[in-house]
Every structure is written in structure tokens, then in C-alpha cells.
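Protein sequence lines, in the order shown, are assigned to chains A and R.
Going by our numbering, the first sequence opens with residue 119, and the numbers climb by one from there.
Going by our numbering, the second sequence opens with residue 531, and the numbers climb by one from there.
The beta-carbon is built from N, C-alpha and C at its ideal position, and this holds for glycine as well.
Quantities reported herein were computed from a predicted structural model and do not represent experimental measurements.
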Amino acid sequence: MAKKDIYKEYQDKLPEKLLEKAKEKSQDLNQKQTKEMLEKTLKEYEQRKIEPGEAAGGIAAQAIGERATQMTLKTFHVAGLSEGVSVVQGLPRVEELVETRKNPKREVCMIKPKKEFETNREKVEEIRAKIEETKAKDIAEIEEDFAEEKIIIKPDQEKMKELNLEPKEIAEKIKKKIRRTPEEVKKDKIIFKPNSSSLKSLRRYVEKTEKTRVKGVEEIERATLVEKETEEGETRYEIHTDGTNMEEILEIEEVDSKRTYSNSVPETYKVLGIEATREILYRELVKVTEEYGINKRHLLLIADALTRKGRPTPIGRHGLSGEKSSVLARAAFEEQVKHLLKAAQKGEKDPLKGIAENIIVGNPIPMGTGTVDLKIDLEQQKK
Amino acid sequence: MEKGSIYLDGSLIGFHENPGEVAEEIREKRRRGELPKTLTVANYDNEVYINTDTGRAIRPLIIVEDGEPKLTEKHIEKIKNDEMEFQDLVKNGVVEYLDAEEEENAYIAMKEEELTEDHTHLEIHPTLSLGIPSSSNPFVEHSFSVRTAKGASMMRQAMGFYSPPSHIRTGTQGYYMFYPQKPMTGTRYDKKSGLDKRPIGQNFVVAVMPYRAYNIDDAIVFNKGSVERAMARGAYMRTYSAKERRYAAGQKDRFEIPSEEVQGYRGEDAYTHLGEDGTANPETEVKAGGVLIGKTSPPRFLEESSELAPMEEKRKEDSKTTRPNASGKVDWVMATEDEDGNRLIKVRTRRTMPPLVGDKFAARSGQKGIVGLIEDEEDLPWSESGIQPDMIFNSHAIPSRMTVGHLLEAIGSKKAALEGEKTDATPFEAETKEDLEKTLKEHGFKPTGKEVMYDGKTGKRIEAKIFVGVIYYERLEHLVSKKIRARSTGPVQILTRQPTEGRSRKGGLRIGVMERDCLVSHGASMLLQERFMDESDESLQFVCTQCGSIAMEDQIKGEKYCEACGSNDVEREKMSYTFKLLLNELKSMGIKPKIKLRDKA
């Protein structure tokens, strides 16, 4: 038998990736050895499969929970360490992900320029400048004149040049923000007269003016250029930012929308959809739990569970646990009275299919040994 | 310049241009005796904290000025001649008390030789920087500080001399050791702190070696011979009390041996050891749950019964018994009156507690262990001179914990045993290791403390030389006999019909949520059902197939029917009692749960 036939024999039994790998490794082996190796691979593969009735979810929870207790201790030691763009780490980050919180603490975005610009430092720097959010107060001195009820903006010439900005543009942006037309636009002076009724409201206008974004993408507080060396020894550049705004970043022409990555779960869901959310949850979970050696399949399961409803569902009262189908299981978790009364109003039925319900009632649980059941079709018997 | 703020006992009282000056002046005044000696001042950056409140630990230090201690030979001479007292030193501004906060401002020299211009204080003696328990720990300066702290905190739990008036004390519970000994290696503070007068342990001959896997980790092996010779033997005492309460209409409790007519009579045997007055005779054995003080109470509903007919007064049995797990001997009986003039009897029981496998012992240096085996004396190793150890602990307990003081104590006490004189191990000025080794050598022992030993079982020489010494061990109050428990069947809670919890209630061991999750993860469905149903609150209920509510059985008529709809179509169903309870509770909420039955497969 040729080697090819041997591979063919296992085509249906082994997953494609595994077979590819086996092919690669068995290049120097003879037929008998190849067969032996594949046989062993198959055995190991079969052993690793989840059996029917196995409590995959429970095991995943324990696998993560056990490490989480260690993480609580360890996060204290890492606290205080900060360098450049750092992310929330350890247990707080896991909580953040698993609860799919709306506003994660530190949102970070890794922007990759399109392949043709990747090695061009100046070009990437240009993109960076485009992205970083600049506020009016960063480039100009803003003063208020209470006597004449005026806001005087004195742009810093050097900074203006650096960012390639014109006073007109600034005036335009501020005009949009405070909804007032400028009285005077000069190179070194822009004056607004907002017609305010009191000093307090003038102050408010000044504050608004200060916060006006004159350049860049909203929410991006800081963007840094990062050098990365590829295996071939080529230097490539990418941009890391504090804060994300995928919607706008992806609209920039030079940005490679396929490889740009944001660590924010809600934003990824908003911009890229549920499949991307699943992937991002998995990747972020791997990132925080890497050093604890959790089997990635547990994390995959979690990511699947969190996204299976077509939207990110948090674990807990407002999410997975609160959406269980069984009344008894829900009531056993939290807010018992609420669930029981609601179930009564609707006349809910509990078919006792889950774990918690069956423990409460005192039945064997439909897991492991309990999955096996004798099923006889009584109708058939009668015939 | 910014003004500094001044705080008195934590509350802001004012500001000052130069807070450092304020602190300095307050200190001066305190030294002159114009301010109380317990007042302390701490000066941080721009804030001055003055503390006068209670609860701060303060300690005395010699004041140093320009590198010279204020205490001179003259003072010492005067104190020796009884012309001066320690408090006079405080009054004269030679010594002052600092608290932890003011200590932060001080620069304290440990010894006089170390004094420099910068020092502000001098330690009276280096050991005064330690607390009482730590300073009674021999060779502390050789041990790791964490271990010292552990050793100091375990001293509190040691069984020893109970209390000076222990023969007439009626504490709820207490322990004492029969023959406590002075430590053979001690510190100068033992005399001052009273440890010599009221010791808390015994000197054990200790061999350091692994022993047939019976002293793995922190386990220790005991010599059965030593145990039988009353080593570390002690007793546990517990006091029970009962009162003759007065009730309405001149009714009263009565201390007596209950008669047969009394409601709840325990049977003749239960009262045999009681005296005429109803209290147990001293030195009689009392079983667990046995009667200590016989007492009867008047009937509860006196008026009702007397109205109907001249009913015979039936008193209730209300004897004081020992706890369900605590047997013992009657140690002492006391009869007195309480503040309202009611008769009050207190009975103290005593139970001898010989060391058992599972009891906890600890040395003063923080080395603790549990007895893992009480080995027959003839099987234990013996040394050249025929000495057999009282105790063997594992050598692996030493390196990672770095309790060198523990080992030095062993050599120190060994020397003390040979010389017949206590070895001084006062921190910072103890006898040196070299001195101890020299003395051991003089007596014909190896200076290292190691000895050739022979296996007690085979008689063969043990290849390695074994470190043998004498170490002072405390017996801690965690005794297995007060903790051991097991249950097959037993009492259940009334409400849930689940097993009770806790040793005193003969309870089971709880399977919690995490244990449950474990069984679920293993898919051990049947085991899970056994734990949560069969061995817990399994119950048989009747379920109405018509309306789905819980039905009932009339055992007299022998018929089953549903109270809710009157149907006789009732099935027997196994369910957990808590579930039935849940259904009841739902009904009380206004929800009607229904059970739908279906043929299984």
C-alpha cells in the first residue's frame, strides 16, 4: 500500500489539520511506521474527544475558577506596573470580558496600515497624526474676556504647523461645536462672541471650546507608533492607541481594515458583528489567562456561550444564568421571588431537563451516568 | 510659608508656622514632667500628631543627647542603693515612653557602643524591643521572625498551669497540665513574666529523624512509655450551673432527686450517683449526657389544671446534664446564691486527657506538629547511653523554616540536663553555640548533638547519626477527642428533614455547592442522587394525578385521596422533602404549583 492510500484511510477519521501535520511528520518514515503513527494518533485523538454526557461546561468553569483563585492573589503583585499602553490585567479583565461590560476600563486599538505603507515610517507617522485626537486647548491658548463677553483663541503657530492645521479649520470645528459664528478669524487670533446671558454661561462656552476636537478621531487620547520586526528582519510599523473608535478608524483609507484589532468587546460587536465578538472574546481570554495554563477549549466554550444568542450575553443575573429555561434553576440562582411570580403569571412549565432542577427535585441528573435511559415506544409495543 | 497643622488625638486643633518646634517643645515639657508621661508626639513633614488616648502600647527608652545617654553610673548606683526608683528616672527626664508613632521620629541605638551623634534614644536592653512571649523564646535572634511570631501566638493556646486559684475557679471551660515543668533553656524574662512559676509545657527528649512515614510533614511520633508515665498529661474542665428559679404563685424549682411521678423521669439508673441534695457526688463518673444536678420544675400550666379538678401536681424533670459529647468525673461542687437570692449550684467536671494520636504540640520557636503515632517504647531507637526519645520529629521541618533557635534549644537543654543547671538563652546575650558545644564535649557527647542510635525493631545501628536533644514543648488546647466526629444516621432538622449540622448536634458533613459541582463535572449522577436524596431528605409523597397537588393517605381508613380535588387517583412518588417544602412555600406565596406525572419511558 502506498503512503497515499494510508493517508486516505484516515481521511474521515482524523481532522484535516491533524492529518496535514501527520503527513508532514511522517515524511521520513516507511509505510509500516506511518501506519503505526497514524494509528496511535487516532487513538490519542479519540481519547481526547468529549464523550456524550460529559459536563463540558462544569469542567470549563472549574478549570477557570481554580486559576482565578490564584489570579486574585497575583494581581496584587502586578499592580503598579505600567509601561506605555497597558491593559487591565488578571482577574478584573476576565470579569470585564465575561460580564461583557459596556465600558471596559482600558480600550486599546492596534491599527495596522495597509501592506504597502507598512514599512514606510513617515507614512505611518502621518496616519498616526491623523488618528490622535487633538483638542483646541492643546494647540491654542483660550482666554475669556468677561467685559466684552468674548472668547479669544490664540493658536500656537508651531503646533499648528506640526499638525498641518489652518485657523480657518479650527474656527469651523468650534463653530460646529458651540453653534456660533466667529466674529474674527486671523492667523493668530480667533474671536467668538457667543451672546451669552451671564458669566456662567460664557464660562460654559469656553469649556466647550476647549474640548473641541480640531483633529483626529474621537476617543483616541493617544496614539503611539510601534516598531515590529518580522522574521525576515524587516521593520514594520503599526499604531497602538489608547481608546478605540473602530467605526472612524476603519474609514481611514490607509488603514488595513482586515488586520486592525480593538480589544473592546462591545465595540467589536457594534462594528464587526457577533462572529468577530466571539473571536475577540476568545483571544482576549487567552491573553489574560495564558500564563495560568488553561486549556484553550475551555475558553472557546466560554466564548461560544457568551455569544450564542447573537449578541454578547453576560454571565450572571442579567445574562446566561438569568436566561435559563427552567424556572427552578433560575430561582435557585438569584432573585427567587421575581422568577417564581413571573413563572406563575405565565403558567410556565418546567420539564426538568437541566441539572439544578433535578437536584432540587431529587432525581438523578441528566449528565454522565444519568444520560443513559431505557426508551421503549409504548405505542409500538401495543402493536 | 504654608502652616503646619496640629492634631490632638486625631482631630485638628490648630495651625502653626513651625510645627517641628511645637513637637520639640511638647517633648521638652514632657521630659520636665509638666505634661503626662503617656503623652506622645509624632511629627511628620508638616503635621504634628499629639496622642493622649488609651490603647497605645508605649515602651521606655533612655534619652540620648549629643551622643551621650542621660542615664549615668550615678543613677544606676542610686537605684542599687534603693535611693531611687525607675519612675524617678522618668520624672527626671532620663527615661521616656514612646509609642509606635513617635518611634518613627526617633533614632534608637540597640547598644551603648553603637551610639552616634545622630541617635536620640538608647534601648534599655535590646530585648525590650520584643514582646513578653517573644522574649521568652530561647535564642530568638537565631530564628526567622515569622516563626517567632507564630511561636509567640501559639503560647496562648498552651495547656499549663490553669490559674492560681484554680481549685475554686468556675470558668466555663479550661485545661491544665498535670506536671508542667520549667523550661531547661529559658531566658531571664521567664522569672519576671512568671513563666517559671506557672509553666506551660514540658521538656521532651527529642530525636530528629524521619520515622517509618509516621512523621511525614509536621507529624510527630510519641513514646508510649513516656505517655504512660504521664508525659504531657492534662485535664479538661467544664463547669455546669443550675438555678432554683422562682415562679408565680409561690412555685419554685427544686434541687432533688426526681421521683418516679415526675414528668420526663429518666429512670432509676440515671440518678444513682446523686447525693441527697440532688447534686452529683464529687469524684463520681458521669456519662455523656448524664445528670449532674437533679432538678424539678413546677408544671407549666398550673392554673388551668387546678381549675378543672384538684389534679395531682405533676412536676417536670429539669435536670442539668453534661453535654452530649463530654463525659468526665465530678471535680468540684459549689452551692451558693445568685444576686436575687436564688439557690445556685455549680458543678465542675474533669476529664483526664492523655496525649492521643491527633493532638497538637508546639515548641516555643513556632515548630508545631500533630501526633501521628504513639510507638511502643521497646520499638523506638535508643542511643549509646540507653536514652530513648520521648518524641521524634521529622528533620525536613527544619531547613525551609530556618528555626535555628529550635535546634540551639535542643543542645542548650541537653547541656542543662548534663550540668543540672538552666541554660540561659536570653536574646542577644545567650550562651554561644561554641560554649554549649564545648560543655557537651566535656561530658563525652558529640559537640554537634548527634548521637549513634540503634533501631528498636531490628537492633541494628542506624547508619546516620541522629540529632538528639531536649526541647521544651507545649501541649496546645486543640485536642482530637474534642473534635473527632463521624455519622452514619442521626438526627435531622425538623423543617427540612436534612441532617443536622455540627458536632454537638451529631451532624453530618456538608456537601456544599463546590463539592456538588465536582460530582456534576464527573457525571457521577447516581452518587449525586445518593448524597442529595437517599442520604439526606428522601421522602415518599402522594401526588394527585388529577390536579397535580400533593395528596395524602388516611392510614386508619387505608385510603389515599387528594384534599384539593377529592380524587382517589393518587400515585406514590419519591422526592426530596425540601422540594415538597418548596411547593408548600409557593402555595403560601399565592402560587399553585402542579406536578404532572408521566410514565417513565
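Any C-beta of chain R under 9 Å from that of residue i
{"i": "K500 (chain A)", "result": "no"}
{"i": "E409 (chain A)", "result": "no"}
{"i": "Y481 (chain A)", "result": "It is worth fixing the name first, because residue 481 (chain A) is Asn in this sequence and not Tyr. Closer than 9 Å to some Cβ of chain R, the Cβ of N481 (chain A) qualifies, so yes."}
{"i": "V455 (chain A)", "result": "yes"}
{"i": "L458 (chain A)", "result": "yes"}
{"i": "I338 (chain A)", "result": "no"}
{"i": "K471 (chain A)", "result": "no"}
{"i": "L343 (chain A)", "result": "no"}
Chain A contact for residue i (CB, 9 Å cutoff)
{"i": "F1062 (chain R)", "result": "yes"}
{"i": "V1073 (chain R)", "result": "no"}
{"i": "Q732 (chain R)", "result": "no"}
{"i": "I556 (chain R)", "result": "no"}
{"i": "R1046 (chain R)", "result": "yes"}
{"i": "Q1149 (chain R)", "result": "Chain R is shown only over 531 to 1131; residue 1149 (chain R) falls outside these bounds and no answer can be derived."}
{"i": "L1210 (chain R)", "result": "Examination of residue 1210 (chain R) is not possible in this model, given that chain R is present from 531 through 1131 alone."}
{"i": "V1050 (chain R)", "result": "yes"}
{"i": "L1127 (chain R)", "result": "no"}
{"i": "L1116 (chain R)", "result": "yes"}
{"i": "T570 (chain R)", "result": "no"}
{"i": "S1079 (chain R)", "result": "no"}
{"i": "S664 (chain R)", "result": "no"}
Residue closest to residue i, alpha-carbon to alpha-carbon, out of the options
{"i": "T715 (chain R)", "options": "R:P668, R:F734, R:L1006", "result": "R:P668"}
{"i": "E234 (chain A)", "options": "A:P430, A:L368, A:E452, A:Y355", "result": "A:Y355"}
{"i": "N476 (chain A)", "options": "R:E1060, R:I992, R:K980", "result": "R:E1060"}
{"i": "G1120 (chain R)", "options": "A:K305, A:A462, A:D146", "result": "A:A462"}
{"i": "N413 (chain A)", "options": "A:D495, A:K143, A:G183, A:L137", "result": "A:G183"}
{"i": "T1108 (chain R)", "options": "R:Y1091, R:K600, R:F1062", "result": "R:F1062"}
{"i": "R589 (chain R)", "options": "R:H605, R:S535, R:S659", "result": "R:S659"}
{"i": "S925 (chain R)", "options": "R:Y719, R:A994, R:G755", "result": "R:A994"}
{"i": "K220 (chain A)", "options": "A:S444, A:A421, A:P384", "result": "A:P384"}
{"i": "L1049 (chain R)", "options": "A:Q498, A:P482, A:V490", "result": "A:P482"}
{"i": "L725 (chain R)", "options": "R:S666, R:Y777, R:S771", "result": "R:S666"}
{"i": "L538 (chain R)", "options": "R:E972, R:I580, R:R560, R:I1014", "result": "R:I580"}
{"i": "P222 (chain A)", "options": "A:E214, A:G480, A:K248", "result": "A:E214"}
{"i": "I257 (chain A)", "options": "A:Q145, A:D306, A:T159, A:P170", "result": "A:D306"}
{"i": "P599 (chain R)", "options": "R:V625, R:D618, R:N611, R:Y574", "result": "R:V625"}
Residues bridged to residue i [DSSP beta-bridge criterion]
{"i": "H651 (chain R)", "result": "R:I593, R:I638"}
{"i": "D360 (chain A)", "result": "A:V226, A:R340"}
{"i": "C1074 (chain R)", "result": "R:V1100"}
{"i": "R776 (chain R)", "result": "R:K782"}
{"i": "T546 (chain R)", "result": "The question names Thr, yet the displayed sequence has His at residue 546 (chain R). According to DSSP, H546 (chain R) bridges with R:G534."}
{"i": "N753 (chain R)", "result": "R:E905"}
{"i": "Y1002 (chain R)", "result": "R:N733"}
{"i": "M1082 (chain R)", "result": "R:Y1091"}
{"i": "K890 (chain R)", "result": "R:I900"}
Rounded Cβ spacing between residue i and residue j (contact assumed at less than 8 Å)
{"i": "A173 (chain A)", "j": "M485 (chain A)", "result": "5 Å"}
{"i": "S382 (chain A)", "j": "E225 (chain A)", "result": "4 Å"}
{"i": "P694 (chain R)", "j": "P710 (chain R)", "result": "The Cβ separation is near 14 Å, so there is no contact."}
{"i": "I392 (chain A)", "j": "T425 (chain A)", "result": "5 Å"}
{"i": "S895 (chain R)", "j": "G681 (chain R)", "result": "5 Å"}
{"i": "L281 (chain A)", "j": "K333 (chain A)", "result": "6 Å"}
{"i": "A737 (chain R)", "j": "P919 (chain R)", "result": "4 Å"}
{"i": "A636 (chain R)", "j": "H655 (chain R)", "result": "With 8 Å as the limit, A636 (chain R) and H655 (chain R) do not qualify as a contact, their Cβ atoms being about 17 Å apart."}
{"i": "I922 (chain R)", "j": "N745 (chain R)", "result": "6 Å"}
{"i": "E371 (chain A)", "j": "V335 (chain A)", "result": "In fact, because the Cβ distance is near 13 Å, the residues do not count as touching under 8 Å."}
Neighbouring residues, chain R, relative to residue i (Cβ below 7 Å)
{"i": "A462 (chain A)", "result": "I1121"}
{"i": "Q180 (chain A)", "result": "D1047, S1051"}
Residue i CB to nearest heavy atom of the ligand MN below 8 Å
{"i": "E250 (chain A)", "result": "For the ligand MN, the structure offers nothing, since it holds no ligand at all."}
Contact set between residue i and chain A, taken where Cβ atoms lie within less than 9 Å
{"i": "E1068 (chain R)", "result": "G480"}
Contact set between residue i and chain R, taken where Cβ atoms lie within less than 8 Å
{"i": "T487 (chain A)", "result": "G1053, A1054, S1055, M1056"}
{"i": "I177 (chain A)", "result": "S1051"}
Chain D residues whose Cβ lies nearer than 9 Å to that of residue i
{"i": "Q1059 (chain R)", "result": "Structure shown: chain D not included; protein chains present are A and R."}
Within chain R, partners of residue i - CB distance below 9 Å
{"i": "E172 (chain A)", "result": "S1051, G1053"}
Listed by chain order, chain A residues near residue i by CB distance under 7 Å
{"i": "F1109 (chain R)", "result": "I478, V479, G480"}
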